[in-house]
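**Q**
Residue numbers (our numbering), protein chains in the order written: chain A, 43 to 199; chain B, 43 to 199.
1) Since residue 189 of chain A contacts residue 173 of chain A with CB under 8 Å, what's their CB separation in whole angstroms?
2) Taking only beta-carbon atoms, is residue 159 of chain A less than 9 Å away from chain B?
3) What are the boundary residues of the beta strand (DSSP E) that residue 157 of chain A is part of?
4) Go ahead and label residue 70 of chain B buried or exposed: buried means 16 or more other beta carbons lie within 10 angstroms of its beta carbon, across all protein chains shown.
5) Under 9 Å between beta-carbons, which chain B residues line up against residue 162 of chain A? List them in chain order, please.
6) According to DSSP, is residue 187 of chain A helix, strand or coil?
7) Out of A:115, A:181 and A:130, state which residue places its alpha-carbon closest to the alpha-carbon of residue 108 of chain B.
8) Can you tell me where the alpha helix (DSSP H) holding residue 166 of chain A begins and where it ends?
9) Using 9 Å as the limit for Cβ to Cβ distance, is residue 186 of chain B near chain A?
10) Hey, is residue 86 of chain B's beta-carbon within less than 9 Å of any beta-carbon in chain A?
11) For residue 153 of chain A and residue 73 of chain B, what's the separation of their Cα atoms in angstroms?
12) With C-beta atoms as the reference, is residue 175 of chain B less than 9 Å away from residue 197 of chain B?
13) Could you give the DSSP three-state label for residue 87 of chain A: helix, strand or coil?
14) Considering Cα atoms alone, identify which of B:129, B:98, B:86 and B:81 is closest to residue 104 of chain B.
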């Protein structure tokens, strides 16, 4: 395990260039770039991204977003949770525990975590102690949610 | 163009078996299988999926879900829209217009369509006359939304 390697990423032009190596890149990264260029956010602002560097190369990342309790449709008590997305490890760096280190970091905040498990990644999430939810079409709308419950937290009825 | 080939899929054991060929399969399909097995839904019920068959093989599919106007954060007037997801064409059947036929079918309902463009598919969506939105972190939470505006519909301010 290499949890200690996980860093909160700073928004700057190097980070944004690093992001281009990942497959799941889109509006969010573009928006950060525009905000940086227009000085809406400062260089080296903290981002919602966490990553692992190998040397000075960003080789794994994830995004964590706090969902407020009033929007919490997954957990009881509904105190809010972390939505984890864009978990991705670059080719050539997979199967070295980087994905696991990022997920452990998300769990270390000790509030519930939810993700949308993609493309047959169920085995990975099970290994991370995440569980599938009972699918609710109105809530989940095609997603494949896996959740992690800290002690004392249960599925919302 | 082959719009006429698009069929609304019926939920039955063959359809659910066909779904296993697609990469993006998860809680939604599992839930449909359980509901069918437990007679909560009837065999051959209409599903939210649309697909294209090559012979009797399902080779392309998408899911359409109507978002009610009160949840419409994208369009003005906010009259509700179709969320399009799980658009996927099987290997060996790509680049034959099947994906385009499905998207044209979604547009044929003549209400706005929104999708979460994934893994560098922006060029495809642009070709389909979809447009990226101005990223809003609270609304879009890491998604990469592309939308299609029918005549008379504009982005929500």
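Glycine included, each C-beta is placed from N, C-alpha and C at the ideal position.
Computed from a prediction, not measured in an experiment: that's the story for all the values here.
**A** Reading off the structure:
1) 6 Å
2) yes
3) 155-158
4) buried
5) 65, 66, 67 and 68
6) The answer is strand: DSSP assigns residue 187 of chain A an E or B state.
7) A:181
8) 164-169
9) Residue-level contact by beta carbon holds for residue 186 of chain B and chain A, with a gap shorter than 9 Å.
10) For residue 86 of chain B, the nearest beta carbon of chain A is not closer than 9 Å to its own beta carbon.
11) 27 Å
12) Yes.
13) Three-state DSSP puts residue 87 of chain A in a strand.
14) B:129
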